[in-house]
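Have a look at the structure below before the remarks.
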Amino acid sequence: MAPSLDHVFTMRMYTSPAKAVVIPEAKGKNHRIIAFLTHGNIKGSGFEAELQPGGADWILRDPETNTGHLDVRVQFRNSEGHSFYIYFQGVLQIDDKWMEVFTGGPKARTLEFGENYWLSAPVLETSHPDFKWVERSEFVGELRWFIDEAGNNCINLGRVCSYSPIKIPLRERRAQQKEVQPWEQTPWHIEQPSQQLSVKRTPIPTPLRFMNQDREYNRLACEMPLKSHELFQYLFKCQQGLKGSQKTTAANCLVRLTDDSCALRSTILLAGMHFCFQNGNLASFESTFLYHKVEVMRYINKWIASNNHKHDTTIFRQMATLAFTEVCTGEVLGAEAHASGLLAIIENAAARDKKENLDISNFKTPEQELANRYFIMAYTYICGLKSLLGGVCRLGGFDDARIEDFSAKELVEMSYIWHKGEASQSWALKLQALRLLPFFLTPLPEGATLTYADGREIIQSLREFTTGTGIDPSSTSVCTDPPDKIFDNFWRRGPASRLLGECVLAHVETISVKKKRSQGLGWPGTSFEGPWCALVTSAIIYGQAILGALEPVDKRMHKYTITLFHHDMFSYLEESRASTDPGFILWLLILGLIGCYTYPKGEKDQTPHPSFLFFQMAIRRQAKEMDISSWSEANFALAKVVWPSKNDGFEFVEDLWNEAFSLRSEI
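Per this note's numbering, the sequence shown starts with residue 8, numbered consecutively.
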């Protein structure tokens, strides 16, 4: 039965501001206000009683938001000796009008219902046999200030909404019998009055952040209510997902995860994302997932309001986490919004540093590098999942449909069914890659630096999907295949999932506490070593423009990605690169130029990307060092890294090469 709005009681309670007790900075920076209720009455539904001594409202006020959390206990007695006990919590917006009445100011007046936000959920107990129904009903109330004819202030509580008595599902009753924690409950099931059942009411505490199950011997860095422990353990109970060579690194990362509150909360969200991907929904972990998601948003909003830039990197990590979790639960637009927000904060931080005359030309600080990596990873993940979901929709028979045409639930369900039925190999690899994501978001150890990344495994993942690399001549060409076959090879067979995992592992390997830059990572022969952001960005551009397996995303994000690529390559080219494969450097530069070329332009603004000239001149200089000038020579060098053997459809790359060599200027 739908809830009905019926007026049941009106309470009028008088308070004395002069007798109020105020405790500043109780429980942190909150203020405790104890407002004693001196006299009053309750009337309605045939019952009338007078307020008895001892009642009060123990308000906890948050000074940052001027929000009051009510905690009221009052008792009434009627002329026959029967009593009512009423307890309620609620939320109050403390504004100037409210304070004017509370302090007895000259502008105090009676406020109308709804003039300020002041709501409650009363719980009633009574000794009156005719009113026992109140103990089996749910109530809500709205409050206001009321000034009577004598000028006395009183709280007027009215507009009570009465719900039909509740019936607890069998599963919930069994859980209560096992003394389950009060927050582990299923939604109430409201039935017709003929099916009503009188049950003992179990109040659900509102402030979840105080419901930490931890004790001193196992306390972690953040509150772990609901099923946080189970969700955290779920992610790490399987030993699969980490390469054997990475066990020590992974263990060290896990220690840093549990010691950092933001990293731990991000890990729990990523665990929920992993569970959703594996099972098709969050199931019993949904409330836990939402709790930590809200806490992350609350932390971000608090940081934005504080205007404190001390914890910028932590905020970047949190926003990247939100982007990951949104896109995995089908909320693609929400994920792009979080990534755009992350980009805006990065740009504001760069503008602030420039205003303060700090050197930001090379993006050298670990904090700035981490922020850029978080953004690039979010960009990569959004780009990949949009392409995956688009392909799943297309294979589902919705050729002309866009991702935006489907709800988040429908996208998750279609993706789950497709992976479960047709892409079990890719599904296992993707679950393994998702399990690695928390290590990407691990805080750096004390004094750590970020070195260049070894891109050999990333290149190898691209080779598996490309023909004619000179390494795997037996591979099948996909570059000229129709979109469905490209999607099938890239997503169903697993190269995309391996690529994601290798990007994370490449990041972990760049963390060093002993050296300022990489000294080589033990690979035989020449090295595929370079800036992590440039390496991952080039892999994404290769997947978009050359392989046709990935779809582009937001124009603004694409622009910053190429700009960051430019900055990384500028610094990289200025340093000694004796052990680095010159063909690999040329490969990076050509993909940077392709990224500038594919930068979306408006109908009115045909201005090329600002980094276009840099990549043209850098390619010309690198070709001169390699003693090559023709596209055929360049194509041969690129094939030793990763490049299709067939040039069908890539004439634009040759045109870009020739245009670069038509320049007369030098770097």
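Glycine residues also receive a C-beta, built at the ideal position from the N, C-alpha and C atoms.
Please read all numbers here as calculations on a predicted model, not as lab measurements.
Cα separation between residue i and residue j?
{"i": "Arg380", "j": "Leu451", "result": "13 Å"}
{"i": "Asp495", "j": "Phe323", "result": "34 Å"}
{"i": "Glu633", "j": "Glu661", "result": "Glu is not the amino acid found at residue 633; the sequence shown has Met there. Approximately 18 Å, taken between the alpha carbons."}
{"i": "Pro445", "j": "Asn48", "result": "57 Å"}
{"i": "Pro559", "j": "Ala344", "result": "15 Å"}
{"i": "Asn85", "j": "Gly112", "result": "34 Å"}
{"i": "Val303", "j": "Trp594", "result": "39 Å"}
{"i": "Arg116", "j": "Asn315", "result": "40 Å"}
{"i": "Arg628", "j": "Ser669", "result": "13 Å"}
{"i": "His236", "j": "Val301", "result": "18 Å"}
{"i": "Cys229", "j": "Asn73", "result": "25 Å"}
{"i": "Arg500", "j": "Lys492", "result": "11 Å"}
{"i": "Gln59", "j": "Phe43", "result": "12 Å"}
{"i": "Leu663", "j": "Ile601", "result": "8 Å"}
{"i": "Thr133", "j": "Asp412", "result": "53 Å"}
{"i": "Arg442", "j": "Ala385", "result": "16 Å"}
{"i": "Cys666", "j": "Asp588", "result": "The displayed chain sequence assigns Glu, not Cys, to residue 666. Their Cα atoms are separated by approximately 24 Å."}
{"i": "Val421", "j": "Leu402", "result": "Here residue 421 turns out to be Met, not Val, going by the sequence shown. Whole-angstrom Cα-Cα distance: 10 Å."}
{"i": "Ala342", "j": "Leu233", "result": "25 Å"}
{"i": "Leu340", "j": "Leu418", "result": "13 Å"}
{"i": "Lys114", "j": "Ile154", "result": "12 Å"}
{"i": "Leu131", "j": "Phe91", "result": "7 Å"}
{"i": "Lys393", "j": "Trp425", "result": "15 Å"}
{"i": "Leu329", "j": "Asp69", "result": "26 Å"}
{"i": "Val79", "j": "Gly148", "result": "13 Å"}
{"i": "Ser268", "j": "Leu457", "result": "22 Å"}
{"i": "Pro172", "j": "Phe54", "result": "Residue placement at Pro172 is poorly supported in this model, since its pLDDT is 48, which falls under 50; the coordinates still yield a value, given next. Taking the straight line from one Cα to the other gives about 20 Å."}
Answer yes or no: do residue i and residue j have a C-beta to C-beta separation smaller than 8 Å?
{"i": "Leu395", "j": "Ile465", "result": "no"}
{"i": "Phe95", "j": "Leu77", "result": "yes"}
{"i": "Phe109", "j": "Pro24", "result": "yes"}
{"i": "Arg470", "j": "Phe535", "result": "no"}
{"i": "Phe382", "j": "Ile353", "result": "yes"}
{"i": "Pro6", "j": "Tyr579", "result": "Because residue 6 is not part of the residues shown, which for the chain are 8 to 674, the question remains open."}
{"i": "Ile410", "j": "Gly397", "result": "yes"}
{"i": "Leu349", "j": "Thr295", "result": "no"}
{"i": "Leu448", "j": "Ala327", "result": "yes"}
{"i": "Leu150", "j": "Phe284", "result": "no"}
{"i": "Phe622", "j": "Cys603", "result": "yes"}
{"i": "Ala455", "j": "Ser519", "result": "yes"}
{"i": "Tyr606", "j": "His573", "result": "no"}
{"i": "Lys647", "j": "Gly590", "result": "yes"}
{"i": "Cys540", "j": "Leu512", "result": "no"}
{"i": "Phe643", "j": "Ile553", "result": "no"}
{"i": "Val81", "j": "Ile66", "result": "no"}
Residue i: buried (16+ other C-beta within 10 angstroms of its C-beta) or exposed?
{"i": "Asp137", "result": "exposed"}
{"i": "Val28", "result": "exposed"}
{"i": "Gly51", "result": "exposed"}
{"i": "Phe120", "result": "exposed"}
{"i": "Gln240", "result": "exposed"}
{"i": "Thr517", "result": "buried"}
{"i": "Asn355", "result": "exposed"}
{"i": "Ile311", "result": "exposed"}
{"i": "Asp461", "result": "buried"}
{"i": "Gly75", "result": "buried"}
{"i": "Phe659", "result": "exposed"}
{"i": "His14", "result": "exposed"}
{"i": "Lys416", "result": "exposed"}
{"i": "Met106", "result": "exposed"}
{"i": "Leu242", "result": "buried"}
{"i": "Asp575", "result": "buried"}
{"i": "Gly62", "result": "buried"}
{"i": "Leu271", "result": "buried"}
{"i": "Asp266", "result": "exposed"}
{"i": "Ser639", "result": "exposed"}
{"i": "Ser618", "result": "buried"}
{"i": "Asn308", "result": "exposed"}
{"i": "Gly279", "result": "buried"}
{"i": "Arg505", "result": "buried"}
{"i": "Ala33", "result": "exposed"}
{"i": "Glu376", "result": "buried"}
{"i": "Arg524", "result": "Here the model assigns Arg524 a pLDDT of 45, short of 50, so the residue's position is not dependable, and the following value carries that caveat. Answer is exposed; the Cβ neighbour count stays below 16."}
Quiz item: Would you say the region 93-107 touches the region 118-132, given that touching needs at least three Cβ pairs under 8 Å?
Solution: They touch, by the three-pair rule.
Quiz item: Are the region 278-292 and the region 335-344 touching by the rule of at least three beta carbon pairs closer than 8 Å?
Solution: Segments in contact, yes.
Quiz item: Can you list the alpha helix (DSSP H) stretches of 4 or more residues lying completely in the region 271-354, in chain order?
Solution: Listed in chain order, they are 293-313 and 319-335.
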